[in-house]
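S.K.: Residue numbers (our numbering), protein chains in the order written: chain A, 39 to 515; chain B, 2 to 624. Even for Gly, the Cβ is constructed at its ideal location relative to N, Cα and C.
Here it is, written out as structure tokens:
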């Protein structure tokens, strides 16, 4: 009895109280807003048809699961990271089985009875665990090509499956791991072209292929010059490739009646240059240059496929994309969302009094667009509170990560922080019209069991990892 | 080196996190504090202003009976884009609101074509009854809604020309008064028009919230921007409903007018024009058709003959001539003039007269309506060289007297459409008589030919004589709900230029005309014990330039002689002599008013059976 008591005391004392408090506050604020956004007057207050009641149940489940996780041995996560990862991949494939269910054109849900889960939410945790496990290995180095490729594979597999589910938004979350890689020592001259590739990926169909190829080519030439310091060689190399392309184009234009287009000429000369560079890098064992070339090859694949990807998108996604990029009149979805946020003012319209929210002008106002509810009803003050809590939580998790003695815990925490930051940026960005509308939830606030449960587990594992040294010492004593 | 690089990366990451939050926060702040359009747009999205229509004030008669009453009715509106694709029970709808199916389909397809009209409620049909509305609401067909209106109904179906009618506001009305919106009804004529601002009340506004599917969700901001509709005020009309109905009944089959005034107040007791129309015809869906029908009726039922009919007053004008002569001192009551079957003037010209004793004093000349006597009187007025240098000056003075009696100008009754009548000016005579003119040229004015006046002006003359020298401007409204008094101008006595003492001989003549055995022309108006005073008139008239065989029948009367309660004029076109039809009608109305009943049933029968053939005088306009 005494032992048990002591155990439970140590169990709680090891957990970071600030993070727990921030977490609980966020969930509470989220519930309050979901209540306001989804309260249906024609139903009784405690009816289970009310969406906030469902959310309440999910909160209870999440808290229970969190307690269970905190009770488990922290070593488990390190030990079973890969198993969890593969389990998650299998789970990710579940929507393609008859159990799967499509919402908004994305086949991203698994329905068991009346409960439906979104595997992608849980894949983020598993991926973080696997990446942390891999990168915390003794022989792992980000300077080494094999290591990078391994990390790349770990990230690419869930990304690919999620994209196949037609849930581009959740897929793009994987790109947040760039922040983790950067923290763990990835050369910034690799980070920059990678960011470039991500940005170009979002709006690749905006530009002509020849422009894209040119931009990508020079980005990589310059970045590898920065990385290797071989300015002269790099610039010379780039100039030669362009010159070859020009000569090719002129020759074809003059002698062969314009057999080759400018694009074709450029592609051929880049391909030739690429072969030359690969051979050069291979001979000289020039790892970093080789790495750059690989990345370039990968990003080049996007150029012809970007159009394909866009045309394979759901019409509503295309619409959102186009309206975001200013190619089409603003999508009414975003107009309404911006109007709801903008009309909030300093103190908002009051709890349950958001005129646009309550009258269904903003769709998904309790799920992905919960931020509209916050800003319309609570105004700037509410926004400040919510963003303050989220920001504080992210900083706290980074802080927790930095105080870890083991790399596994640190990398995991950074992974969590990066995923949270990505969600906040994209979600609030899309509701305010800064980002294209890709449906990802606002952590802890948006309605949805999968999201809440997944983020709870995500945070709980971090807290457990953080609490473990103290626990050990408690046991040892 | 490695550790410091790590530190840089830690700081960079924290910086990135901060940057992300700051960018988002600035974005939200900019939207919430510096972009007013979001607030405005949010308001415009959810706010709907719905007009609340006040009930129109009712119109009562002087005894508190309804003349015009407000009734609830509804406009059926359709929002085309809210209609369901699979259609609705058209037959049921059509039968409920009593509309032709083809007509409904036609108006729906008209709305369908207009992209703007499709979005908002558009009127399909008006005058839907409350019962139909309730039944239709039970069916709850999406896309259909109702707007509440008040329309009129007329319990007594009388006095259409006095009450006027309502019509939907037109372009001009919309421009002239910002109060009106398309689809509003406003008083178009008569009382409904002149008391429009009183009767209409003040529209209210209900500010409501609509959701994204344009369904109303309730009051906006707990109704703090709502404006309550102020109901229109009721007005009490001076008309005596029973008397008006009786007069209209008697007028059936005749063209003309009856106007009765309470002399002590100027309140109009009866104002009947014939032919009239059933005021109920000018509302409802058939209004347009009925209106055109009335407009095309040869005898013009829409004319307010009581105030806009221009007629020669005939012999009743002699009363004024006598009064002016007495005031001018060119006549004294005992003065006798002989009559040899008329008045001879100029070179063997003669203005004829009927058979009566001769010579006569003023009183008897009035009683017998001697033409010759008043030719002398009028000539004396114009030839009064002790006072006036020439005929023109004398005529000018005479005309001033006439105007003070309310002739030749609008009296100022409180409904529009009044005619001034016409009293010739000196200039007019100059133009008509290029070689100069004297009393002989215009002698027929002495007996009320040539000049023109309205039945209202004749009734007003009756009131002046009844009051012995003053009148109140005739008016149709006794009181307005919540207002202390009506326009002050109706409460002030208007004095004529003849002193009260000169009235007695004229009154005596009028009394004799009715009451003396074998004495006067107005015997038929005699009612035992009522001391009726009267004066007949028989006005020659011409249609399309030719003198007609059938004279207009005129009668001017008031009763009782002392402290008169009613003064009246009856004018029947082509009714023959004054005593043949105008006098009986006037007498019966007087009897009804003063004794509350009519005992001379034979006379009633006689009047009602008298139908005058107007086809000679009113021809359908060729199109």
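Give the straight-line distance between the Cα atoms of residue 534 of chain B and residue 75 of chain B, rounded to the nearest whole angstrom.
M.R.: On the second chain, position 533 is the one that residue 534 of chain B refers to. On the second chain, position 74 is the one that residue 75 of chain B refers to. Going from the Cα of residue 534 of chain B to the Cα of residue 75 of chain B covers about 52 Å.
S.K.: Near residue 145 of chain B, what residues of its chain come up, given a Cβ to Cβ distance below 6 Å and the 5 sequence neighbours on each side ignored?
M.R.: Translated into positions along the second chain, residue 145 of chain B becomes position 144. Around residue 145 of chain B: 79.
S.K.: Using a Cβ-Cβ cutoff of less than 8 Å, which residues in the same chain neighbour residue 13 of chain A once the five nearest sequence positions on both sides are dropped?
M.R.: For chain A, the structure presents residues 39 to 515; residue 13 of chain A sits outside this window and is missing.
S.K.: Ordered along the chain, which non-local residues of its own chain (more than five positions away) have a Cβ less than 8 Å from that of residue 423 of chain A?
M.R.: Here residue 423 of chain A corresponds to residue number 385 of the first chain, with the count starting at 1. Only 67, 416 meet the Cβ criterion.
S.K.: Within 8 Å of any Cβ in chain B, is that where the Cβ of residue 429 of chain A sits?
M.R.: On the first chain, residue 429 of chain A is found 391 positions in, with the first residue counted as 1. Closer than 8 Å: yes.
S.K.: Residues of chain B with CB closer than 7 Å to the CB of residue 443 of chain A, please, in chain order.
M.R.: Within the first chain, residue 443 of chain A is the residue found at index 405, counting from 1. Under the 7 Å cutoff, chain B gives no residues; its nearest Cβ is about 15 Å from residue 443 of chain A.
S.K.: Listed in chain order, which residues of the stretch 101 to 124 of chain B have Cβ atoms closer than 7 Å to some Cβ of chain A?
M.R.: none
S.K.: Going by DSSP, what residue range makes up the alpha helix (DSSP H) through residue 416 of chain B?
M.R.: Reading the second chain from its first residue, position 415 is the one you call residue 416 of chain B. Here residue 416 of chain B belongs to no alpha helix (DSSP H), and DSSP marks it neither H nor E.
S.K.: If we count Cβ pairs, one from each stretch, closer than 8 Å, do we get three or more for the stretch 199 to 206 of chain B versus the stretch 49 to 64 of chain B?
M.R.: yes
S.K.: Can you list the residues of chain A that residue 212 of chain B reaches, using a CB-CB cut of under 7 Å?
M.R.: Numbered from 1 along the second chain, position 211 holds the residue referred to as residue 212 of chain B. Per Cβ cutoff of 7 Å: 397, 398.
S.K.: For residue 76 of chain B, which three-state DSSP category applies?
M.R.: For this step, residue 76 of chain B is matched to residue 75 along the second chain. In this structure, residue 76 of chain B counts as strand in the three-state DSSP scheme.
S.K.: Shorter than 8 Å from the beta carbon of residue 36 of chain B to some beta carbon of chain A?
M.R.: Here the question's residue 36 of chain B lines up with position 35 in the second chain. Residue 36 of chain B counts as touching chain A.
S.K.: For residue 106 of chain B, count neighbouring C-beta atoms within 10 Å of its own C-beta (all shown protein chains included) and say buried if the count is 16 or more, exposed if not.
M.R.: As a working mapping, residue 106 of chain B is identified with position 105 in the second chain. So residue 106 of chain B ends up on the exposed side.
S.K.: Buried or exposed: residue 402 of chain B, going by 16 or more other Cβ atoms within 10 Å of its Cβ?
M.R.: As a first step, residue 402 of chain B is located in the second chain; it is residue number 401 there, counting from the start. Answer is buried; the Cβ neighbour count reaches 16.
S.K.: Between residue 151 of chain B and residue 132 of chain B, what straight-line distance do the alpha-carbon atoms span, to the nearest angstrom?
M.R.: Counting from 1 along the second chain, the entry for residue 151 of chain B is found at position 150. Counting from 1 along the second chain, the entry for residue 132 of chain B is found at position 131. Going from the Cα of residue 151 of chain B to the Cα of residue 132 of chain B covers about 15 Å.
S.K.: Whose C-beta lies closer than 7 Å to the C-beta of residue 165 of chain B among residues of the same chain, with five residues either side of it excluded?
M.R.: For the purposes of this step, residue 165 of chain B is taken as the residue at position 164 of the second chain. So the list reads 188, 189, 190, 191, 192, 193, 194, once near-sequence residues are dropped.
S.K.: Compare the C-beta of residue 121 of chain A against all C-beta atoms of chain B and say whether one is closer than 8 Å.
M.R.: Taking the first chain and counting its residues from 1, one reaches residue 121 of chain A at position 83. For residue 121 of chain A, the answer is no, since every Cβ of chain B falls outside 8 Å of its Cβ.
S.K.: Going by C-alpha to C-alpha distance, which of A:80, A:121, A:204 sits closest to residue 141 of chain A?
M.R.: On the first chain, position 103 is the one that residue 141 of chain A refers to. Nearest option by C-alpha distance: A:204.
S.K.: Considering only the beta carbon of each residue, do residue 29 of chain B and residue 421 of chain A sit closer than 8 Å?
M.R.: Along the second chain, read from residue 1 onward, the residue named residue 29 of chain B stands at position 28. Along the first chain, read from residue 1 onward, the residue named residue 421 of chain A stands at position 383. Result yes, Cβ atoms of residue 29 of chain B and residue 421 of chain A sit closer than 8 Å.
S.K.: Using a beta-carbon distance cut-off of less than 7 Å, what residues from the stretch 403 to 430 of chain A approach chain B?
M.R.: 413, 417, 418, 421, 425, 429
S.K.: Between which residues of its own chain and residue 4 of chain B is the CB-CB distance below 8 Å, once the five residues before and five after are set aside?
M.R.: On the second chain, position 3 is the one that residue 4 of chain B refers to. Excluding positions up to five away in sequence, the list is empty.
S.K.: Please confirm whether residue 269 of chain B and residue 476 of chain B have their CB atoms less than 8 Å apart.
M.R.: Counting from 1 along the second chain, the entry for residue 269 of chain B is found at position 268. Counting from 1 along the second chain, the entry for residue 476 of chain B is found at position 475. Closer than 8 Å, so yes.
S.K.: Chain C partners of residue 220 of chain B, CB-CB under 7 Å?
M.R.: Included in the structure are the protein chains A and B, with no chain C among them.
S.K.: So what does DSSP say about residue 41 of chain A, is it helix, strand or coil?
M.R.: One-based indexing of the first chain puts residue 41 of chain A at position 3. Residue placement at residue 41 of chain A is poorly supported in this model, since its pLDDT is 45, which falls under 50; the coordinates are not used for a value here.
S.K.: Residue range of the beta strand (DSSP E) that residue 187 of chain B falls in?
M.R.: Position 186 of the second chain holds residue 187 of chain B. Per DSSP, residue 187 of chain B belongs to the beta strand (DSSP E) from 186 to 188.
S.K.: Is the shortest distance between the beta-carbon of residue 450 of chain A and the beta-carbons of chain B less than 8 Å?
M.R.: The sequence position of residue 450 of chain A within the first chain is 412, counting from 1. Judged by the 8 Å Cβ criterion, residue 450 of chain A is not in contact with chain B.
S.K.: Quick check on residue 435 of chain A - is its C-beta less than 8 Å from some C-beta in chain B?
M.R.: In the first chain, counting from the first residue as 1, residue 435 of chain A sits at position 397. No, because no Cβ of chain B sits closer than 8 Å to the Cβ of residue 435 of chain A.
S.K.: Using a Cβ-Cβ cutoff of less than 7 Å, which residues in the same chain neighbour residue 174 of chain B once the five nearest sequence positions on both sides are dropped?
M.R.: Mapped onto the second chain, residue 174 of chain B falls at position 173. Sequence-distant Cβ neighbours of residue 174 of chain B in its own chain, meaning closer than 7 Å and more than five residues away, are 181, 187.
S.K.: Give me the DSSP bridge partner(s) of residue 429 of chain A.
M.R.: Counting from one through the first chain, the residue named residue 429 of chain A turns up at place 391. None, per the DSSP bridge assignment.
S.K.: Could you pull out every unbroken beta strand (DSSP E) segment of at least 3 residues lying fully inside the stretch 266 to 330 of chain B, listed in chain order?
M.R.: 268 to 275
S.K.: Here's the rule I'm using: 16 or more other beta-carbon atoms within 10 Å means buried, otherwise exposed. How should residue 514 of chain A be labelled?
M.R.: Position 476 of the first chain, counted from the first residue, corresponds to residue 514 of chain A. Interpretation of residue 514 of chain A is limited by its pLDDT of 38, a score under 50 that renders its predicted location unreliable; no figure is taken from the coordinates.
S.K.: In this structure, what does DSSP give as the bridge partners for residue 155 of chain A?
M.R.: For the purposes of this step, residue 155 of chain A is taken as the residue at position 117 of the first chain. Per DSSP, A:148.
S.K.: Using a Cβ-Cβ distance under 8 Å, would residue 33 of chain B count as near chain A?
M.R.: Here the question's residue 33 of chain B lines up with position 32 in the second chain. With 8 Å as the cut-off, residue 33 of chain B counts as an interface residue toward chain A.
S.K.: Do residue 413 of chain B and residue 305 of chain B count as a contact pair if the criterion is CB distance below 8 Å?
M.R.: As a working mapping, residue 305 of chain B is identified with position 304 in the second chain. As a working mapping, residue 413 of chain B is identified with position 412 in the second chain. No, they are not a contact pair.
S.K.: Counting contacts by CB-CB distance shorter than 8 Å, is residue 184 of chain A in contact with chain B?
M.R.: Counted from its first residue, the first chain places residue 184 of chain A at position 146. The beta carbon of residue 184 of chain A does not come within 8 Å of any beta carbon belonging to chain B, so the residue lies off that interface.
S.K.: Less than 6 Å between C-beta atoms, sequence neighbours within five positions excluded: which residues of the same chain meet that for residue 39 of chain A?
M.R.: Here residue 39 of chain A is taken as the residue at index 1 of the first chain, counted from 1. Only weak support is given to the placement of residue 39 of chain A: the predicted model assigns it a pLDDT of 42, under 50, and the value that follows is read from those uncertain coordinates. Taken in chain order, the list of residues that qualify is empty.
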